[in-house]
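What follows is a short report on a single structure.
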Amino acid sequence: MDLLSLRYFQAVARHEHISKAAEELRIAQPSLSRTIARLEADLGVPLFDRHGRRIRLNRFGAAFLRRVDRALAELDDARRELADAAGLARGSVSLASETLLTITEPVKSFIAEHPGVAVRLFQAAPEVMVERLSEGQVDFCLASEVLDGPGLVHDELVREEVMLAVPLGHRLAGRREVTVADLAGEPVVTTRPGIWQRTLAERLFSEAGLELVVACEIDEATTAIEMVSAGLGVGFGPAWYLRSPLASRAPFSPVRLAAPGAERVLRLYWRQGAYVSEAARRFRDHLAASLMAT
2 MDLLSLRYFQ AVARHEHISK AAEELRIAQP SLSRTIARLE ADLGVPLFDR
52 HGRRIRLNRF GAAFLRRVDR ALAELDDARR ELADAAGLAR GSVSLASETL
102 LTITEPVKSF IAEHPGVAVR LFQAAPEVMV ERLSEGQVDF CLASEVLDGP
152 GLVHDELVRE EVMLAVPLGH RLAGRREVTV ADLAGEPVVT TRPGIWQRTL
202 AERLFSEAGL ELVVACEIDE ATTAIEMVSA GLGVGFGPAW YLRSPLASRA
252 PFSPVRLAAP GAERVLRLYW RQGAYVSEAA RRFRDHLAAS LMAT
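Its first residue numbered 2, the sequence shown is counted upward by one per residue in this note's numbering.
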């Protein structure tokens, strides 16, 4: 058993698919299969249940994965701690976020102030963020949804007003303010379940006793503005974005939404007890200060 075989096992367990894991690891599929077979022989138990070409992590594999994740996370922390001791110029920080638009300017200004720090960013869904954070693949996650995972802690960075975007010429366009009751029967452009816009829309419509009519379901929240401007329906978005030049490429009318809890809460997550390098600490402080100032 060696570290490489453990990292290979971790990738296969994450994908539950040899080909996908081999593609991620950039190794030949037969080589990866042999490595997993040797690991199972060394441990004396199968780690996966095999059904033809499909594999599923079994109870032995799940128990082993929990230990492997902890061990490799500790080693990655040790590597970061040693790199940190060598100075900020060799530091690095990694962050996963549901959207990168929110952090574009903070990242730009951080890189300008700390050109020696390597910054890695990942766009990911909430469930993927939990996975990356738990496995130590990233230092931080920035999310509007509550991330639920063992040993995760967070700071609330900002609460943002959420507004309504409506097509030009729509009956609500030009209104200073609308209520959820005004949206009865309106088709809505929103994200798939599990992303904050959908969660907010479902809650607001449910509290108002209305049915949510989804006209367009998307993965990338910023695409909603294009779909709204095309006339597919109304949509929800953070006030800063709907009023910013970023959203001006598509014609629409922003309208204030008079509804309790019509807001987005941004939280920064990290692993409790994990080593946070000097570069990561500075990035966290810079990001928090930048977002709180908007």
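Just so it is clear, CB atoms sit at the ideal spot from N, CA and C, and this is done for glycine as well.
For residue i, the three-state DSSP class (helix, strand or coil)
| i | result |
| --- | --- |
| His52 | strand |
| Leu292 | helix |
| Ser135 | helix |
| Gln11 | helix |
| Gln30 | helix |
| Arg177 | coil |
| Ala64 | helix |
| Ala144 | strand |
| Glu279 | helix |
| Ala22 | helix |
| Ala42 | helix |
| Glu17 | coil |
| Asp286 | helix |
| Asp78 | helix |
| Leu101 | coil |
Residue i vs residue j beta-carbon contact at 8 angstroms
| i | j | result |
| --- | --- | --- |
| Pro188 | Val214 | yes |
| Ala12 | Leu26 | yes |
| Thr192 | Asp220 | yes |
| Ala166 | Val229 | yes |
| Met293 | Val108 | no |
| Ala240 | Met164 | yes |
| Ser135 | Asp70 | yes |
| Arg133 | Ala125 | yes |
| Val235 | Val181 | no |
| Phe10 | Ile37 | yes |
| Ser98 | Leu143 | yes |
| Val277 | Arg176 | no |
| Leu269 | His155 | yes |
| Ala251 | Thr100 | no |
| Phe111 | Trp271 | no |
| Val94 | Val120 | yes |
| Ala275 | Asp78 | yes |
| Leu4 | Ala22 | no |
| Ser245 | Glu106 | no |
| Ala259 | Glu178 | yes |
For residue j and residue i, believed in contact at Cβ under 8 angstroms, the rounded distance
| i | j | result |
| --- | --- | --- |
| Leu96 | Val147 | With 8 angstroms as the limit, Leu96 and Val147 do not qualify as a contact, their Cβ atoms being about 18 angstroms apart. |
| Phe49 | Arg60 | Actually they do not touch by this definition, with Cβ atoms about 11 angstroms apart. |
| Leu7 | Leu73 | 6 angstroms |
| Gly232 | Pro168 | 5 angstroms |
| Leu184 | Ala263 | Wrong, their Cβ atoms sit about 12 angstroms apart, outside the cutoff. |
N- and C-terminal bounds of the alpha helix (DSSP H) containing residue i
| i | result |
| --- | --- |
| Glu208 | Trp197 to Glu208 |
| Met2 | Looking at the DSSP string, Met2 is not in any alpha helix (DSSP H), and its letter there is neither H nor E. |
| Leu243 | Ala240 to Leu243 |
| Ala113 | Thr105 to Glu114 |
Run of the beta strand (DSSP E) containing residue i, from where it starts to where it stops
| i | result |
| --- | --- |
| Glu212 | No beta strand (DSSP E) contains Glu212, which DSSP labels as neither H nor E. |
| Ser98 | Ser93 to Ser98 |
| Phe253 | It is not in any beta strand (DSSP E) - Phe253 carries neither H nor E in the DSSP assignment. |
| Thr192 | Pro188 to Thr192 |
| Val120 | Ala119 to Gln124 |
In DSSP terms, what residue i is bridged to
| i | result |
| --- | --- |
| Glu157 | Arg268 |
| Gly236 | Ala166 and Val190 |
| Arg57 | Asp50 |
| Ile226 | Partner(s): none; Ile226 has no beta bridge. |
| Ile219 | Thr192 |
Near the ligand SAH: residue i beta-carbon under 7 angstroms from a heavy atom
| i | result |
| --- | --- |
| Asp3 | For the structure depicted, the ligand SAH is absent and the ligand set is empty, with no information on it obtainable. |
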